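Peer 1: Handing you this structure, nothing more for now.
There are 2 protein chains.
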Amino acid sequence: MNLIIFEFQSGSAERDDAAKMSTAMTTNTTAMNTTTNATATTTTTKPEVLASATWNSMEKVSSELFALTHGAFVRQILRDHEDDVEAVNAKLDQLGRNIGTRIIEEYLARTNASSSSGAACASFEAAMEMTAKVGLKMFLNATARTRDWSEERDECVIEMDNNPLADFVELPARYRELAYCNMLCGAIRGALETVRMRTSCSFESDPLRGMGDKFAIRVKLVELVPEEYPYDE
Amino acid sequence: MNLIIFEFQSGSAERDDAAKMSTAMTTNTTAMNTTTNATATTTTTKPEVLASATWNSMEKVSSELFALTHGAFVRQILRDHEDDVEAVNAKLDQLGRNIGTRIIEEYLARTNASSSSGAACASFEAAMEMTAKVGLKMFLNATARTRDWSEERDECVIEMDNNPLADFVELPARYRELAYCNMLCGAIRGALETVRMRTSCSFESDPLRGMGDKFAIRVKLVELVPEEYPYDE
Numbered sequence: 002m003n004l005i006i007f008e009f010q011s012g013s014a015e016r017d018d019a020a021k022m023s024t025a026m027t028t029n030t031t032a033m034n035t036t037t038n039a040t041a042t043t044t045t046t047k048p049e050v051l052a053s054a055t056w057n058s059m060e061k062v063s064s065e066l067f068a069l070t071h072g073a074f075v076r077q078i079l080r081d082h083e084d085d086v087e088a089v090n091a092k093l094d095q096l097g098r099n100i101g102t103r104i105i106e107e108y109l110a111r112t113n114a115s116s117s118s119g120a121a122c123a124s125f126e127a128a129m130e131m132t133a134k135v136g137l138k139m140f141l142n143a144t145a146r147t148r149d150w151s152e153e154r155d156e157c158v159i160e161m162d163n164n165p166l167a168d169f170v171e172l173p174a175r176y177r178e179l180a181y182c183n184m185l186c187g188a189i190r191g192a193l194e195t196v197r198m199r200t201s202c203s204f205e206s207d208p209l210r211g212m213g214d215k216f217a218i219r220v221k222l223v224e225l226v227p228e229e230y231p232y233d234e
Numbered sequence: 002m003n004l005i006i007f008e009f010q011s012g013s014a015e016r017d018d019a020a021k022m023s024t025a026m027t028t029n030t031t032a033m034n035t036t037t038n039a040t041a042t043t044t045t046t047k048p049e050v051l052a053s054a055t056w057n058s059m060e061k062v063s064s065e066l067f068a069l070t071h072g073a074f075v076r077q078i079l080r081d082h083e084d085d086v087e088a089v090n091a092k093l094d095q096l097g098r099n100i101g102t103r104i105i106e107e108y109l110a111r112t113n114a115s116s117s118s119g120a121a122c123a124s125f126e127a128a129m130e131m132t133a134k135v136g137l138k139m140f141l142n143a144t145a146r147t148r149d150w151s152e153e154r155d156e157c158v159i160e161m162d163n164n165p166l167a168d169f170v171e172l173p174a175r176y177r178e179l180a181y182c183n184m185l186c187g188a189i190r191g192a193l194e195t196v197r198m199r200t201s202c203s204f205e206s207d208p209l210r211g212m213g214d215k216f217a218i219r220v221k222l223v224e225l226v227p228e229e230y231p232y233d234e
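So the sequences go chain by chain: A and B.
Residues in the first sequence are numbered consecutively from 2, following my numbering.
Residues in the second sequence are numbered consecutively from 2, following my numbering.
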């Protein structure tokens with residue numbers, strides 16, 4: 002994974018997309034992670050097998066620490082924005098997007114996605130399957146699947162059996178509209194954007210807000226961004 | 002671990018300490034974690050053995066996701082405070098303190114610290130050894146040790162061999178004074194406070210700021226808070 006050069010890209014985030022995408026696609030083509038290479042080179046690797054193999058090879062920290070850290074930071078942002086829940090929801094989504102544009106590189110490298118392993122994002126449908134079954138597992142140790150596909154195969158719901166981000170959390174009434182886990186939507190959107198799929202992502206079901214029993218994210222493909230070939234000068 | 006009732010305790014944080022401490026001490030006495038019970042009940046358990054056993058039993062997420070999430074949130078707080086690095090350092094410390102006051106419960110439960118396992122915080126020296134060798138391992142998968150003890154045994158340095166929080170991070174010149182990992186100092190301070198040890202914690206060495214090769218935190222005992230017995234009404 003690249004260094005986080007701790008710079009803001011405020012304002013220019015959208016304009017930088019093309020450059021980022023081309024970088025990511027280069028990563029896609031060249032990245033080879035030696036530790037997971039062996040598991041990812043066969044053409045028949047099932048998503049579940051790939052997910053377990055990559056999860057096992059990941060460096061880890063305690064999910065309690067992750068959940069508590071995320072919670073403490075969300076509280077801080079609420080405080081800094083005087084409990085403007087709508088603004089905070091947007092911040093969390095944007096934060097997630099930035100995480101997604103970074104973490105996709107790790108995903109592509111570890112799943113060796115440039116090969117015919119099935120981890121490549123050849124179509125929106127394939128990308129959604131891999132997001133649900135491999136991406137959420139390898140980073141969050143979450144079990145998830147897609148459901149409710151549209152007829153055009155351009156929209157589905159990712160349903161999660163567990164969500165470590167929300168463990169131990171209970172929202173008081175005044176934060177009833179807080180999309181506490183919005184970072185996840187942003188991260189999926191950011192990751193997909195980096196592989197040239199513009200999407201909209203939002204929670205269809207969010208137990209913290211009293212919506213349903215499981216966390217479920219509706220993802221809709223908005224645009225497949227054409228690949229840009231750099232011109233020679 | 003208790004629910005994070007997602008409430009602010011702004012302003013009243015210091016006043017609530019006594020109540021929190023008494024709650025934590027109750028947890029200390031009664032909490033038994035069934036999954037790690039077997040590893041923690043012998044009186045001869047070495048910190049390293051206890052650390053591995055508890056780490057193995059922890060729920061986990063990817064450390065890359067943790068590092069990227071922390072980084073994205075720190076950037077957000079810097080933005081919200083118009084790059085006032087000193088204010089952000091204080092926020093990160095306070096955030097960490099809140100995390101520490103929660104995470105100590107998990108530590109006490111999982112190490113079964115009320116027994117004579119050696120995980121109890123009977124003295125500042127014991128608490129420091131366990132923080133370095135067990136606490137940092139079980140939550141952060143970091144290897145650490147104490148060094149440079151004062152003659153009075155009321156001050157030492159916790160030196161870390163690795164720090165997942167800082168993986169892939171590089172600070173640009175304008176954030177040269179940013180205590181990017183200050184959450185860790187706050188968490189140690191908060192955890193110790195909950196077991197009645199008021200301390201000061203700060204980085205003596207921080208490679209991100211060009212200070213030394215390893216992260217090292219100086220911890221000084223300020224006060225041992227006497228145990229308060231609740232009066233009957």
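In this text, a Cβ means the ideal position worked out from N, Cα and C, and glycines have one as well.
Note that the structure is predicted; figures quoted are calculated from it, not measured.
Check whether the Cβ atoms of A:I159 and B:A73 sit closer than 7 Å, and answer yes or no.
Peer 2: Reading the first sequence from its first residue, position 158 is the one you call residue 159 of chain A. Reading the second sequence from its first residue, position 72 is the one you call residue 73 of chain B. Their beta carbons are not under 7 Å apart, which means A:I159 does not touch B:A73 by this criterion.
Peer 1: Roughly how many whole angstroms lie between the Cα atoms of B:M26 and B:A123?
Peer 2: The residue you call residue 26 of chain B lines up with position 25 of the second sequence. The residue you call residue 123 of chain B lines up with position 122 of the second sequence. At B:M26 the pLDDT is 35, less than 50, meaning the model places this residue with poor confidence; the figure from the coordinates comes in the next sentence. Approximately 13 Å, taken between the alpha carbons.
Peer 1: Distance check for A:S203 and A:I218, CA to CA, integer angstroms please.
Peer 2: Counting from one through the first sequence, the residue named residue 218 of chain A turns up at place 217. Counting from one through the first sequence, the residue named residue 203 of chain A turns up at place 202. If you take the alpha carbons of A:I218 and A:S203, they lie about 5 Å apart.
Peer 1: Sorted by chain position, which residues of the same chain lie with C-beta nearer than 8 Å to A:T147's C-beta, five sequence neighbours on each side aside?
Peer 2: Counted from its first residue, the first sequence places residue 147 of chain A at position 146. Cβ within range, chain order: M129, E130, A133, C157, V158, I159 and E160.
Peer 1: Are the stretch 102–110 of chain A and the stretch 80–94 of chain A touching, with three or more C-beta to C-beta distances below 8 Å?
Peer 2: Contact between the stretch 102–110 of chain A and the stretch 80–94 of chain A is absent, because fewer than three Cβ pairs lie under 8 Å.
Peer 1: What number of angstroms, rounded off, separates the C-alpha of A:M198 from the C-alpha of A:E229?
Peer 2: Numbered from its first residue, the first sequence carries residue 198 of chain A at position 197. Numbered from its first residue, the first sequence carries residue 229 of chain A at position 228. Their backbone Cα atoms lie some 13 Å apart in a straight line.
Peer 1: Determine whether the beta carbon atoms of A:V62 and B:N163 lie at a separation below 7 Å.
Peer 2: Counting from one through the first sequence, the residue named residue 62 of chain A turns up at place 61. Counting from one through the second sequence, the residue named residue 163 of chain B turns up at place 162. Not a contact, by the Cβ cut-off of 7 Å.
Peer 1: Less than 7 Å between CB atoms is the rule here; does B:M59 satisfy it with respect to chain A?
Peer 2: One-based indexing of the second sequence puts residue 59 of chain B at position 58. Output row for B:M59: interface = yes.
Peer 1: For a minimum of 3 consecutive residues, which ranges assigned as the beta strand (DSSP E) are wholly contained in the stretch 181–225 of chain B?
Peer 2: Correct list: 198–207 and 212–225.
Peer 1: What residues in the stretch 87–114 of chain B have a beta carbon less than 7 Å from any beta carbon of chain A?
Peer 2: The stretch 87–114 of chain B vs chain A, Cβ under 7 Å: K92, L96, N99, I100, R103, I104 and E107.
Peer 1: Can you give me the Cβ contacts of B:M59 inside the same chain, cut-off strictly under 7 Å, excluding the 5 residues immediately before and after it?
Peer 2: By one-based count along the second sequence, residue 59 of chain B stands at place 58. Closer than 7 Å at Cβ, skipping near neighbours: M139.
Peer 1: Classify B:A39: buried if its beta carbon has 16 or more other beta carbons within 10 angstroms, exposed otherwise.
Peer 2: As a first step, residue 39 of chain B is located in the second sequence; it is residue number 38 there, counting from the start. Low confidence applies to B:A39: its pLDDT is 42, below 50, so where it sits in the model is not reliable enough to give any reading.
Peer 1: Nearest-angstrom Cα distance between A:T46 and A:L193?
Peer 2: By 1-based counting over the first sequence, the position of residue 46 of chain A is 45. By 1-based counting over the first sequence, the position of residue 193 of chain A is 192. Each residue's alpha carbon lies about 22 Å from the other.
Peer 1: Could you check what DSSP says for B:R146 in three-state terms: helix, strand or coil?
Peer 2: On the second sequence, position 145 is the one that residue 146 of chain B refers to. DSSP places B:R146 in strand when its eight states are reduced to three.
Peer 1: For A:S53 and chain B, any beta-carbon pair shorter than 7 Å?
Peer 2: Here residue 53 of chain A is taken as the residue at index 52 of the first sequence, counted from 1. Output row for A:S53: interface = no.
Peer 1: When the Cα atoms are used, what is the spatial distance from B:G187 to A:R154?
Peer 2: In the second sequence, residue 187 of chain B corresponds to position 186, counting from 1. In the first sequence, residue 154 of chain A corresponds to position 153, counting from 1. Answer to the nearest angstrom: the Cα atoms are 48 Å apart.
Peer 1: So which residues of chain A does B:P165 contact, with C-beta pairs closer than 8 Å?
Peer 2: For this step, residue 165 of chain B is matched to residue 164 along the second sequence. Residues of chain A passing the Cβ test: E60 and V62.
Peer 1: Quick test of your reading: A:P165 and A:A52, contact by CB under 8 Å. State the CB separation rounded to the nearest angstrom.
Peer 2: Residue 165 of chain A sits at position 164 when you count from the first residue of the first sequence. Residue 52 of chain A sits at position 51 when you count from the first residue of the first sequence. With a Cβ gap of about 15 Å, A:P165 and A:A52 do not count as contacting.
Peer 1: Is the beta carbon of A:V170 less than 7 Å from the beta carbon of A:S201?
Peer 2: Translated into positions along the first sequence, residue 170 of chain A becomes position 169. Translated into positions along the first sequence, residue 201 of chain A becomes position 200. It is not a contact, given that the beta carbons lie outside the stated cut-off.
Peer 1: Comparing the C-beta of A:F216 with each C-beta of chain B, is any distance below 7 Å?
Peer 2: The sequence position of residue 216 of chain A within the first sequence is 215, counting from 1. With 7 Å as the cut-off, A:F216 does not count as an interface residue toward chain B.
Peer 1: Note down, in chain order, each residue of its chain lying with its Cβ closer than 7 Å to the Cβ of B:L79, except the 5 sequence neighbours on either side.
Peer 2: Here the question's residue 79 of chain B lines up with position 78 in the second sequence. Once the five neighbours on either side are set aside, the close Cβ partners of B:L79 are V89.
Peer 1: Can you tell me which of the three DSSP states B:E228 falls into?
Peer 2: Along the second sequence, read from residue 1 onward, the residue named residue 228 of chain B stands at position 227. Here B:E228 sits in coil by DSSP.
Peer 1: By the DSSP assignment, the beta strand (DSSP E) with B:V135 in it spans what residues?
Peer 2: For the purposes of this step, residue 135 of chain B is taken as residue 134 along the second sequence, with counting starting at 1. B:V135 -> no beta strand (DSSP E), and no H or E assigned at all.
Peer 1: Roughly how far, in whole angstroms, is the beta-carbon of B:T55 from the beta-carbon of B:R111, given that I think they are within contact range, below 8 Å?
Peer 2: Locating residue 55 of chain B in the second sequence gives position 54, where the first residue counts as 1. Locating residue 111 of chain B in the second sequence gives position 110, where the first residue counts as 1. Going by Cβ atoms, the distance from B:T55 to B:R111 rounds to 5 Å, so yes, they are a contact pair.
Peer 1: Return the Cβ separation of B:A145 and B:L137 in integer angstroms, given the expectation that the two are a contact with Cβ distance under 8 Å.
Peer 2: As a first step, residue 145 of chain B is located in the second sequence; it is residue number 144 there, counting from the start. As a first step, residue 137 of chain B is located in the second sequence; it is residue number 136 there, counting from the start. With 8 Å as the limit, B:A145 and B:L137 qualify as a contact, their Cβ atoms being about 5 Å apart.
Peer 1: Using three-state DSSP, classify A:S63 as helix, strand or coil.
Peer 2: The residue labelled residue 63 of chain A in the question sits at position 62 within the first sequence. Residue state, collapsed to three classes: strand.
Peer 1: So with Cβ pairs under 7 Å, would you call A:E49 a contact of chain B?
Peer 2: The residue labelled residue 49 of chain A in the question sits at position 48 within the first sequence. So, not an interface residue.
Peer 1: What do you get for A:E65, buried or exposed, if any count of 16 or more other CB atoms within 10 angstroms of its CB means buried?
Peer 2: Your numbering for residue 65 of chain A matches position 64 in the first sequence. Per the 10 Å Cβ criterion, buried.
Peer 1: Any Cβ of chain B within less than 7 Å of the Cβ of A:E65?
Peer 2: Working through the first sequence from its first residue, we reach residue 65 of chain A at position 64. By this cut-off, A:E65 is an interface position.
Peer 1: Pick from A:D207, A:K215 and A:G211: whose alpha carbon is nearest that of A:A174?
Peer 2: To locate residue 174 of chain A, count along the first sequence from 1; it is residue 173. Among A:D207, A:K215 and A:G211, the Cα nearest to that of A:A174 is on A:G211.
Peer 1: Taking the alpha carbon of B:Y176 as the point to measure from, which residue in B:D214, B:F216, B:E87 and B:V50 has its own alpha carbon closest?
Peer 2: The residue given as residue 176 of chain B occupies position 175 in the second sequence. It is B:E87 whose Cα lies nearest to the Cα of B:Y176.
Peer 1: Can you name the residues of chain A whose CB is closer than 9 Å to the CB of B:I78?
Peer 2: Within the second sequence, residue 78 of chain B is the residue found at index 77, counting from 1. In chain order: F74, Q77, I78 and D81.
Peer 1: Can you tell me which residues form a DSSP beta bridge with A:M161?
Peer 2: Numbered from 1 along the first sequence, position 160 holds the residue referred to as residue 161 of chain A. For A:M161, which the question treats as bridged, DSSP gives the partners A:A145 and A:F216.
Peer 1: Chain A beta carbons: is any one of them nearer than 7 Å to that of B:F204?
Peer 2: For the purposes of this step, residue 204 of chain B is taken as the residue at position 203 of the second sequence. Chain A contact via Cβ: absent.
Peer 1: With a CB to CB cut of under 8 Å and the five nearest residues on each side skipped, what residues in its chain are close to B:M184?
Peer 2: Position 183 of the second sequence, counted from the first residue, corresponds to residue 184 of chain B. Hits under 8 Å: H71, L93, D94, L96, G97, I100 and L166.
Peer 1: Is the Cβ of A:L69 closer than 7 Å to any Cβ of chain B?
Peer 2: Residue 69 of chain A sits at position 68 when you count from the first residue of the first sequence. Chain B, which has a Cβ nearer than 7 Å to the Cβ of A:L69, makes this yes.
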